[in-house]
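Enquirer: Residue numbers (our numbering): 49 to 330.
Backbone N, C-alpha and C define an ideal beta-carbon position, used for all residues, glycine too.
I'd like to ask some things about the structure below.
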């Protein structure tokens with residue numbers, strides 16, 4: 049995957065080939081029909097900015113957009129045919145899709161989290177609690193799609209993959225002390241983390257203790273995937289956006305930070321002992 053600099057700023061994903069191709073079809077049909085973007089937008093009930101974003105391959109069109117554009121451009125069938133080839137993963141935010149593709153291909157993945165249990169380690173109950181905690185609250189169908197997509201990603205840790213990928217997780221103790229979803233959800237989540245440690249030899253889990261005066265992770269969560277071509281990338285996530293990093297200087301900084309995080313977190317053995325104590329206290 050060719051990536052330069054950063055991607056996903058402003059909440060938009062980098063264009064996929066299918067999105068760009070669909071946008072080109074819309075633009076060609078619109079221009080063939082003598083319509084401006086403003087005129088097409090007015091006919092289908094969307095803003096001209098939405099039309100522009102779709103034509104440039106930056107936005108995933110919804111069904112009403114596809115149907116409206118099909119009708120506005122003469123009902124040739126070309127718009128619906130192009131829409132059938134759009135690459136989309138239900139349950140994943142638009143800006144997250146490119147990262148999800150890279151995550152699937154990674155031969156190694158390092159993750160530091162200070163907000164919540166990483167998605168690859170969440171139980172279904174915890175995933176639901178997280179989704180229901182942050183406004184706007186999803187409807188039931190949307191919630192089910194999100195949770196299903198998150199749980200499906202966990203197959204990436206399977207040692208049946210050839211070769212298995214290597215995973216390193218560093219989680220702040222405060223994340224687990226928060227008791228997201230309540231004590232029952234937390235109890236199940238702690239049991240799950242212990243099972244992951246025992247089951248997957250390719251997964252290393254470390255807990256960052258509550259007290260750490262000299263902390264290299266104060267800029268927030270980060271992830272470092274290694275591609276099959278042995279190229280490293282960085283990924284950081286915030287409010288409604290994600291940022292993919294490939295610039296060597298920035299990657300060097302992130303690698304240094306993660307290296308320091310690993311030395312300051314509890315060892316895997318001590319982390320397991322802490323999880324057992326936390327589980328016993330519930």
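Using 8 Å for Cβ pairs, my map puts residue 330 next to residue 235. What's the rounded Cβ distance?
Expert: So it is a contact: roughly 5 Å between Cβ atoms.
Enquirer: Please state the DSSP three-state secondary structure of residue 161.
Expert: Residue 161: strand per DSSP, three-state reduction.
Enquirer: Taking the beta carbon of residue 218 as the centre, do at least 16 other beta carbons fall within 10 Å, making it buried, or is it exposed?
Expert: With 16 or more Cβ atoms within 10 Å of its Cβ, residue 218 is classed as buried.
Enquirer: The alpha helix (DSSP H) with residue 113 in it runs from where to where?
Expert: Residue 113 -> alpha helix (DSSP H) spans 111-120.
Enquirer: Write down the C-beta distance between residue 270 and residue 284 rounded to the nearest angstrom, noting that I regard them as a contact closer than 8 Å.
Expert: Yes, they are in contact, since the Cβ atoms of residue 270 and residue 284 sit about 5 Å apart, within 8 Å.
Enquirer: What residue from 257, 263, 82 has the CA that sits closest to residue 318's CA?
Expert: Nearest C-alpha to residue 318: 257.
Enquirer: Only counting the same chain, and skipping five residues up and downstream in sequence, which positions put a Cβ closer than 8 Å to that of residue 191?
Expert: Hits under 8 Å: 176, 179, 180.
Enquirer: Below 8 Å between beta carbons: does that hold for residue 280 and residue 272?
Expert: Yes, they are a contact pair.
Enquirer: Assuming residue 274 and residue 154 make a contact with CB atoms under 8 Å, what is their CB distance in whole Å?
Expert: 6 Å between Cβ atoms; contact.
Enquirer: So what does residue 76 bridge to, in DSSP terms?
Expert: Partner(s): none; residue 76 has no beta bridge.
Enquirer: Could you check the C-alpha separation between residue 241 and residue 169 for me, to the nearest Å?
Expert: Residue 241 and residue 169: Cα-Cα distance of roughly 7 Å.
Enquirer: Return helix, strand or coil for residue 49, following the three-state DSSP convention.
Expert: Note that residue 49 scores 37 on pLDDT, short of 50, meaning its location in the model is unreliable and no value can be drawn from it.
Enquirer: If we ignore side chains and look at the alpha-carbon of each, how far apart do residue 131 and residue 114 end up?
Expert: About 7 Å.
Enquirer: Can the beta-carbon of residue 265 be found closer than 8 Å to that of residue 162?
Expert: For residue 265 and residue 162, yes; Cβs fall inside 8 Å.
Enquirer: Using only the alpha-carbon positions, how far apart do residue 60 and residue 201 sit?
Expert: Here residue 60 scores only 37 on pLDDT, less than 50, and its place in the model is too uncertain to base an answer on.
Enquirer: Can you say whether residue 121 is buried or exposed, counting buried as having 16 or more other CB atoms within 10 angstroms of its CB?
Expert: Buried: at least 16 other Cβ atoms inside 10 Å.
Enquirer: Less than 8 Å separating the beta-carbons of residue 108 and residue 134?
Expert: In contact: residue 108 and residue 134 (Cβ atoms closer than 8 Å).
Enquirer: Who are the near neighbours of residue 302 in its chain, counting only those whose CB is closer than 8 Å to its CB and skipping five residues on each side?
Expert: Only 270, 272, 282, 293 meet the Cβ criterion.
Enquirer: Mind checking residue 166: buried by the 16 CB within 10 Å criterion, or exposed?
Expert: Buried.
Enquirer: My parser needs the beta strand (DSSP E) runs of 3 or more residues fully inside the stretch 223-290; what are they?
Expert: Complete beta strand (DSSP E) runs here, min 3: 251-256, 270-274, 282-286.
Enquirer: Ignore the nearest five residues each way along the sequence and tell me which others in residue 314's own chain have a CB closer than 8 Å to its CB.
Expert: These residues qualify, in order along the chain: 254, 255, 256, 257, 322.
Enquirer: Taking residue 117 as the reference, give the member of 105, 237, 99, 250 with the closest Cα.
Expert: It is 99 whose Cα lies nearest to the Cα of residue 117.
Enquirer: Anyone know if the C-beta pair for residue 174 and residue 251 falls short of 8 Å?
Expert: Not a contact, by the Cβ cut-off of 8 Å.
Enquirer: Mapping the DSSP letters down to three states, classify residue 216 as helix, strand or coil.
Expert: Here residue 216 sits in strand by DSSP.
Enquirer: Report back the beta-carbon spacing between residue 228 and residue 164 to the nearest angstrom; my notes put them in contact at under 8 Å.
Expert: Confirmed, about 7 Å.
Enquirer: Find the nearest neighbour of residue 76 within the set 325, 102, 185, 287, judged by alpha-carbon distance.
Expert: Residue 102 is the option with its Cα nearest to residue 76.
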